[in-house]
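Colleague:
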Amino acid sequence: MIGMPEESFISEQDFPDYIAKLNGLRTRVAEALPLEPRMRVLDVATGSAYFAMELAKRDPTLKILGIDSSDRSIRIADRNIRGRWLDTVVSLIKMDATRLEFPASTFGLATNFLGFDDVHMTKEARGVREVFHEVARVLKPRGYFCFAVMPPEEAETTAQRLECEVSSFIRGSTWLPALRYQEFLRGAGFTLLKREVHYTHQKMNPDQAKRRVTAICDDTLKMYGVDANTFEETWRRFGPEIEEHGLGYCSRVVLMMARRNA
Ligand SMILES: C[S@@+](CC[C@H](N)C(=O)[O-])C[C@H]1O[C@@H](n2cnc3c(N)ncnc32)[C@H](O)[C@@H]1O
Numbered sequence: 000m001i002g003m004p005e006e007s008f009i010s011e012q013d014f015p016d017y018i019a020k021l022n023g024l025r026t027r028v029a030e031a032l033p034l035e036p037r038m039r040v041l042d043v044a045t046g047s048a049y050f051a052m053e054l055a056k057r058d059p060t061l062k063i064l065g066i067d068s069s070d071r072s073i074r075i076a077d078r079n080i081r082g083r084w085l086d087t088v089v090s091l092i093k094m095d096a097t098r099l100e101f102p103a104s105t106f107g108l109a110t111n112f113l114g115f116d117d118v119h120m121t122k123e124a125r126g127v128r129e130v131f132h133e134v135a136r137v138l139k140p141r142g143y144f145c146f147a148v149m150p151p152e153e154a155e156t157t158a159q160r161l162e163c164e165v166s167s168f169i170r171g172s173t174w175l176p177a178l179r180y181q182e183f184l185r186g187a188g189f190t191l192l193k194r195e196v197h198y199t200h201q202k203m204n205p206d207q208a209k210r211r212v213t214a215i216c217d218d219t220l221k222m223y224g225v226d227a228n229t230f231e232e233t234w235r236r237f238g239p240e241i242e243e244h245g246l247g248y249c250s251r252v253v254l255m256m257a258r259r260n261a
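One point on numbering: in numbering that gives the first Met the number 0, the residue at position 228 of the sequence shown is 227, and numbering is uninterrupted.
1. Would you grab the beta carbon distance between leucine 34 and valine 252 for me? Rounded to a whole angstrom, and I think it's under 8 Å.
2. So is the beta-carbon of threonine 48 under 8 Å away from any non-hydrogen atom of ligand 1?
3. I think glycine 245 touches proline 205, with their Cβ atoms under 8 Å apart; what is that distance to the nearest whole Å?
4. Check whether the Cβ atoms of alanine 147 and histidine 200 sit closer than 9 Å, and answer yes or no.
5. Measuring alpha carbon to alpha carbon, tell me which of Asn260, Pro36, Cys249 and Ser69 ends up nearest alanine 96.
6. Which residues in the same chain as methionine 94 place their Cβ atom closer than 8 Å to its Cβ, once the five residues preceding and following it in sequence are excluded?
7. By the three-class DSSP mapping on this structure, what secondary structure does phenylalanine 144 have?
8. Taking the continuous beta strand (DSSP E) assigned at lysine 243, which residues delimit it?
9. Assuming alanine 29 contacts arginine 57 under a Cβ cut-off of 8 Å, what Cβ separation, rounded to an integer in Å, is found between them?
10. Measuring only the C-alpha atoms, how far is alanine 208 from arginine 81?
11. Do the stretch 132 to 139 and the stretch 186 to 194 touch if we need at least three Cβ pairs shorter than 8 Å?
12. Tell me the residue span of the alpha helix (DSSP H) that contains histidine 119.
13. Is asparagine 79 helix, strand or coil when you go by DSSP?
14. Can you tell me the Cα-Cα spacing of lysine 193 and methionine 256, whole angstroms?
15. On the premise that leucine 61 lies in contact with leucine 54, defined as a C-beta separation below 8 Å, what is that separation, rounded to the nearest angstrom?
16. Regarding tyrosine 223 and ligand 1, is the C-beta to nearest heavy atom distance less than 8 Å?
17. Helix, strand or coil for isoleucine 169, going by three-state DSSP, please let me know.
18. Excluding five sequence neighbours on each side, which residues of the same chain lie with their C-beta closer than 8 Å to the C-beta of methionine 0?
19. If the criterion is Cβ atoms closer than 9 Å, does the pair valine 225 and methionine 149 meet it?
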């Protein structure tokens, strides 16, 4: 198809820590954000803090606070930042993003890098909407909210489409259509300033996809107590298509940059 983005397979050498790097995707997204020196930044659903670390590298004068509702994520994030200069820029707190324990007008910028599918898994679509309202409350007037999502209806390759379908099937971590996020923005008092699409230009080969699907199936119950489909169930349903097309790995990301109305 004309205009379809080229995607090569991730090398075996890059695969073990691919999630940390995503072929430079987080760096490119961080570079697009409206940062100001010494800004207070809230990174919502910070996971392993990889995006928070990108922000810290871009501007070490920032004061970044990463929050996540999972003990395990906070432990891993803490290991990633501790003992390096990063821990003077990034702090971490266990907290549910639908109930932010901060006073109004605390932060100049709130970010979320590919966390809203997981918030959907723990709190459903209404939980995702609550996060937008909570973020609006804790942002200063005219503060920025920048987040990266993977709206399934915009997938441009079969591997990208499969990526959204597979994680939703395994554990209900579901991306919403882009218009839904835009509706949440409006409802919470934001104006969308800009939308950008970023690509990794890479995907998993079927062997790598098997390892990744196994890890997601195994981790879900351990981390969240959420029932997950098994590897066998998932592969029976999606295996033949993955064998043919590979499987996306954060391959196409939509960055929405919004500002809180005054
Ligand atoms: C895919 S990770 C985020 C990735 C990360 N931002 C990065 O830079 O790679 C999604 C995180 O969302 C967290 N999460 C899910 N529901 C949440 C909630 N209600 N409140 C806060 N964090 C939540 C999960 O624990 C998980 O660590």
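Ideal placement from N, C-alpha and C gives every residue a C-beta, glycine not left out.
Modeller: By the coordinates alone:
1. Not a contact, Cβ separation roughly 19 Å.
2. The sequence shown places alanine at residue 48, not threonine. Flag set: Cβ of alanine 48 near ligand 1.
3. The pair is a contact, with the Cβ atoms about 7 Å apart (cut-off 8 Å).
4. Their beta carbons are not under 9 Å apart, which means alanine 147 does not touch histidine 200 by this criterion.
5. Ranking the options by Cα distance to alanine 96, first place goes to Ser69.
6. Here the set comprises Ile66, Asp67, Ser68 and Glu100.
7. Of the three classes helix, strand and coil, the one that applies to phenylalanine 144 here is strand, per DSSP.
8. Looking at the sequence itself, residue 243 is glutamate, so the reference to lysine does not match. Not the beta strand (DSSP E): glutamate 243 falls in the alpha helix (DSSP H), residues 230 to 244.
9. Yes, alanine 29 and arginine 57 are in contact; Cβ-Cβ is about 5 Å, under 8 Å.
10. Distance between the alpha carbons of alanine 208 and arginine 81 is about 31 Å.
11. With a cut-off of 8 Å, the stretch 186 to 194 and the stretch 132 to 139 count as touching, because enough Cβ pairs lie within range.
12. Looking at the DSSP string, the run of the alpha helix (DSSP H) that includes histidine 119 is 115 to 137.
13. Three-state result, asparagine 79: helix.
14. Going by the C-alpha atoms only, they are around 5 Å apart.
15. For leucine 54 against leucine 61, the beta-carbon gap comes to about 6 Å, under 8 Å, which counts as contact.
16. Yes, Cβ of tyrosine 223 sits closer than 8 Å to a heavy atom of ligand 1.
17. Helix, per DSSP.
18. Per-residue confidence for methionine 0 stands at a pLDDT of 48, beneath the threshold of 50, marking its modelled position as unreliable; the derived number appears in the next sentence. No residues qualify anywhere along the chain.
19. Taking 9 Å as the Cβ cut-off, valine 225 and methionine 149 do not qualify as a contacting pair.
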